[in-house]
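Q: If you scroll down you'll find the structure; I have some questions about it.
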Amino acid sequence: MTPRRNPFTASPAVPGKILIVGGGFAGFWAALAARRVAGPQAEVTLVSPEPVLQIRPRLYEARPETLGVPLLPLLRKVDVGFVRGEAVRLDTAAKAATLAAGDRLAYDRLVVATGSRMRRPPVPGAEAAFSVDTQVEAIAFDRRLGEIVRDVAEPTIAVVGAGFTGVELALELRDRLLAHGANDAAERLRIVLIDRAETIGPELGPGPRPEIEAALAAAGVELRLGAAVRALAADRVSFTDDSVLAADAVVLATGMAASPFAAQVPGRRDELGRVVVDTALRAPAAPEVFVAGDAGAADTGDGHRTLQSCQHAGQLGRVAGENAARDLLGLPLMPYTQLRYLTCLDLGRSGAVITEGWERRVEKTGSEGKAVKRRINTQVIYPPADGTAEALLASSSTNLAERQAPLKLKTKAA
Ligand SMILES: Cc1cc2nc3c(=O)[nH]c(=O)nc-3n(C[C@H](O)[C@H](O)[C@H](O)COP(=O)(O)OP(=O)(O)OC[C@H]3O[C@@H](n4cnc5c(N)ncnc54)[C@H](O)[C@@H]3O)c2cc1C
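In structure tokens, the structure reads:
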């Protein structure tokens, strides 16, 4: 009897190699999309430091140690190979990436999906502050919260950066202490949210601001806006006006920039260090290289630049993976478009605010908004729970409308 062949296993006769660097949202879905399109006609390999999809958008929440999805069982089902490592060098002429450990991985098509890292402010002591940028960093901060609950009766926590992440984190902190068993200390917690900008969440625009301001006031979060930080330490924030805020923890949420590997891709970069790609997500100066997620800057198809967001990273990854495979097979490439843009900001005990479109019209607030945010955070951004090969490949479809159909949000005008 002829043994049954895994339909996703690359045929040994086919030499095509698709390499994906970075196992975040963009890289994971790029790998699945490449396999879906190439079928058995390519070897698809994902390289990342750990075989774990870190659920970064949730790292402001309690129990950060639970916010990672093991990738190996999923990748195995669709015959995507995994190499543990950090790519440090790219040789586009030789079509190979070199890992920190020295291994050299050859490719026919490459997808760079190395994501982003928080930018620490260029002030003395910035390294001493916590962050929730990666799972490891979020776990370290959570450990500190546990110590605070044990040791400090009237704690103060300073959050530096009043953008998306800083707001979500500040509004979660009382419940984070409660999760560690605090009662009185949680309610007595002094939370100070600091930004050099004069307004909360300047990048979110004026639409959702009243909701955000009301939530911060209801949660008793003190604001220090228009405040320039001169130096940081584990237990204090020093300002340029010579004032000092003593704190039991200082945590940064000071914005993100592309991870360093993106600098290896030849061509133009934007102010966030992202590779500026064409409509097929190809790096114009390196035709065999596609870039996706927070590492790339693309036009969303409606004149806007992609944002460093999970929402964009997933779709960018799917299109980049599909195009890497199409290119390898000599098929026409598909243009990247982002059909819609939602902002879903968790407001802690005040629920969440959901906005639609680039002008960020507020669509849902309070508990209604929270239900949408919870669904996004616990279902939409995760790989399919049943995880069959078919379900995994289907989840890599580039048809956003189909994938998001159950999430339909009615606009007020509709
Ligand atoms: C606290 C927080 C809250 C957020 N909230 C939201 C939100 O509400 N909504 C939203 O849309 N977005 C949110 N984001 C942003 C979102 O998480 C990112 O935009 C998204 O993770 C980007 O996906 P990515 O795959 O491009 O990169 P990443 O998720 O950064 O993944 C990149 C992967 O590449 C790996 N890697 C990096 N360099 C190398 C290398 N040289 N070699 C091999 N592997 C490498 C990394 O280890 C990682 O596994 C939030 C982020 C944070 C930190």
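Going by the numbering used here, the sequence shown opens with residue -15, and the numbers climb by one from there.
All C-beta atoms in this analysis are idealised placements derived from N, C-alpha and C, irrespective of residue type, glycine included.
Taking the continuous beta strand (DSSP E) assigned at PHE274, which residues delimit it?
A: Sequence index remark: in the sequence shown, residue 274 carries index 290 (1-based). Where PHE274 is concerned, the enclosing beta strand (DSSP E) stretches over 270 to 275.
Q: Whether or not the stretch 118 to 132 and the stretch 242 to 257 are in contact is what I'm after, with contact meaning three or more pairs of Cβ atoms, one per stretch, closer than 8 Å; do they touch?
A: Taking 8 Å as the limit for Cβ pairs, the verdict is that the stretch 118 to 132 does not touch the stretch 242 to 257.
Q: For SER379, which residues in the same chain have their Cβ closer than 6 Å to its Cβ, ignoring the five residues on either side in sequence?
A: The residue labelled residue 379 in the question sits at position 395 within the sequence shown. For SER379, where only same-chain residues beyond five positions count, the Cβ hits under 6 Å are PRO368.
Q: So does ASP278 have its beta carbon nearer than 6 Å to some heavy atom of ligand 1?
A: Translated into positions along the sequence shown, residue 278 becomes position 294. Checking every heavy atom of ligand 1 against the Cβ of ASP278, one is found closer than 6 Å.
Q: With a cut-off of 8 Å, do at least 3 Cβ pairs link the stretch 287 to 305 to the stretch 16 to 27?
A: Because the criterion of three Cβ pairs below 8 Å is met, the stretch 287 to 305 and the stretch 16 to 27 touch.
Q: For the alpha helix (DSSP H) containing LEU132, list its first residue and its last residue.
A: Here the question's residue 132 lines up with position 148 in the sequence shown. For the sequence presented, residue 132 should be read as Ile rather than Leu. ILE132 -> alpha helix (DSSP H) spans 119 to 135.
Q: Does THR284 come out as helix, strand or coil in the three-state DSSP assignment?
A: Working through the sequence shown from its first residue, we reach residue 284 at position 300. Three-state DSSP puts THR284 in coil, outside helix and strand.
Q: Under the rule that 16 or more other beta-carbon atoms within 10 Å means buried, what is GLU347, buried or exposed?
A: Working through the sequence shown from its first residue, we reach residue 347 at position 363. Buried, because 16 or more other Cβ atoms sit within 10 Å of the Cβ of GLU347.
Q: Between the Cα of GLY251 and those of VAL273, VAL67 and GLU306, spot the shortest distance and give me the residue it belongs to.
A: Against the sequence shown, residue 251 aligns to sequence position 267. Answer by Cα proximity: VAL273.
Q: Please go through the same chain and pick out, in chain order, the residues whose beta-carbon is closer than 7 Å to the beta-carbon of LEU162, but skip the five residues on each side of it.
A: Locating residue 162 in the sequence shown gives position 178, counting from the first residue. Excluding positions up to five away in sequence, the list reads ALA170.
Q: At 4 residues or longer, and completely inside the stretch 193 to 280: list those alpha helix (DSSP H) runs for me, N to C.
A: Those alpha helix (DSSP H) runs which fall completely within the stretch 193 to 280 and span 4+ residues are 193 to 202.
Q: Going by the beta-carbon positions, is the gap between LEU155 and GLY353 smaller than 7 Å?
A: If you number the sequence shown from 1, residue 155 lands on position 171. If you number the sequence shown from 1, residue 353 lands on position 369. Against a cut-off of 7 Å, the Cβ pair of GLY353 and LEU155 comes out as no contact.
Q: Which two residues bound the contiguous beta strand (DSSP E) that contains GLU347?
A: In the sequence shown, the residue the question calls residue 347 occupies position 363. Start and end: 345 to 348.
Q: Give me, in chain order, the residues of the same chain whose beta-carbon lies closer than 7 Å to that of VAL136; leave out the 5 immediate sequence neighbours on both sides.
A: Here residue 136 corresponds to residue number 152 of the sequence shown, with the count starting at 1. Contacts found: ALA169 and ASP232.
Q: Cβ of ILE184 within 7 Å of Cβ of ILE175?
A: The residue labelled residue 184 in the question sits at position 200 within the sequence shown. The residue labelled residue 175 in the question sits at position 191 within the sequence shown. No; because the gap between Cβ atoms is not below 7 Å, this pair is not in contact.
Q: How would you label THR29, buried or exposed, when you count the other beta carbons within 10 angstroms and need 16 or more for buried?
A: Taking the first residue of the sequence shown as 1, we reach residue 29 at position 45. Under this definition THR29 is a buried residue.
Q: Check whether the Cβ of ASP87 lies closer than 6 Å to any heavy atom of ligand 1, and answer yes or no.
A: On the sequence shown, position 103 is the one that residue 87 refers to. Not under cutoff, so the answer is no.
Q: Which same chain residues, not among the five before or five after THR98, have their C-beta less than 7 Å away from its C-beta?
A: What you label residue 98 is simply residue 114 of the sequence shown in a count that begins at 1. Excluding positions up to five away in sequence, the list reads VAL5, GLY6, SER243, PHE245, ALA246 and ALA279.
Q: Examine ligand 1 and report whether any of its heavy atoms sits within less than 6 Å of the Cβ of GLY6.
A: In the sequence shown, residue 6 corresponds to position 22, counting from 1. True, at least one ligand heavy atom lies under 6 Å from that Cβ.
Q: Please state if the CB of LYS61 and the CB of GLU27 are separated by a distance shorter than 7 Å.
A: Walking along the sequence shown from the start, residue 27 turns up at place 43. Walking along the sequence shown from the start, residue 61 turns up at place 77. The answer is no: Cβ separation not under 7 Å.
Q: From ALA211 to ASP117, what does the alpha carbon distance come to, in whole angstroms?
A: On the sequence shown, position 227 is the one that residue 211 refers to. On the sequence shown, position 133 is the one that residue 117 refers to. Rounded to whole angstroms, ALA211 to ASP117 spans 23 Å at the Cα level.
Q: With DSSP collapsed to three states, give me the class of ILE39.
A: For this step, residue 39 is matched to residue 55 along the sequence shown. It is coil, neither helix nor strand.
Q: At the level of alpha carbons, what is the spacing between ALA297 and THR263?
A: What you label residue 297 is simply residue 313 of the sequence shown in a count that begins at 1. What you label residue 263 is simply residue 279 of the sequence shown in a count that begins at 1. Rounded to whole angstroms, ALA297 to THR263 spans 15 Å at the Cα level.
Q: Please indicate yes or no: does the CB of GLN402 lie closer than 6 Å to some heavy atom of ligand 1?
A: Not covered by the structure: residue 402. The range shown for the chain is -15 to 398.
Q: Please confirm if the stretch 205 to 219 is in contact with the stretch 95 to 110, defined as three or more CB-CB distances below 8 Å between the two stretches.
A: Yes, the stretch 205 to 219 touches the stretch 95 to 110.
Q: Should VAL116 be listed as close to ligand 1, given that the test is whether its C-beta is under 6 Å from any heavy atom?
A: Sequence index remark: in the sequence shown, residue 116 carries index 132 (1-based). Yes - ligand 1 has a heavy atom lying nearer than 6 Å to the Cβ of VAL116.
Q: Can you tell me the Cβ-Cβ gap for VAL53 and LEU74, rounded? I've got them flagged as a contact below 8 Å.
A: Here residue 53 refers to the residue found at position 69 when the sequence shown is read from its first residue. Here residue 74 refers to the residue found at position 90 when the sequence shown is read from its first residue. With 8 Å as the limit, VAL53 and LEU74 do not qualify as a contact, their Cβ atoms being about 27 Å apart.
Q: Whole angstroms are fine: how far does the CA of GLY145 sit from the CA of ARG193?
A: In the sequence shown, residue 193 corresponds to position 209, counting from 1. In the sequence shown, residue 145 corresponds to position 161, counting from 1. C-alpha separation (whole angstroms): 15 Å.
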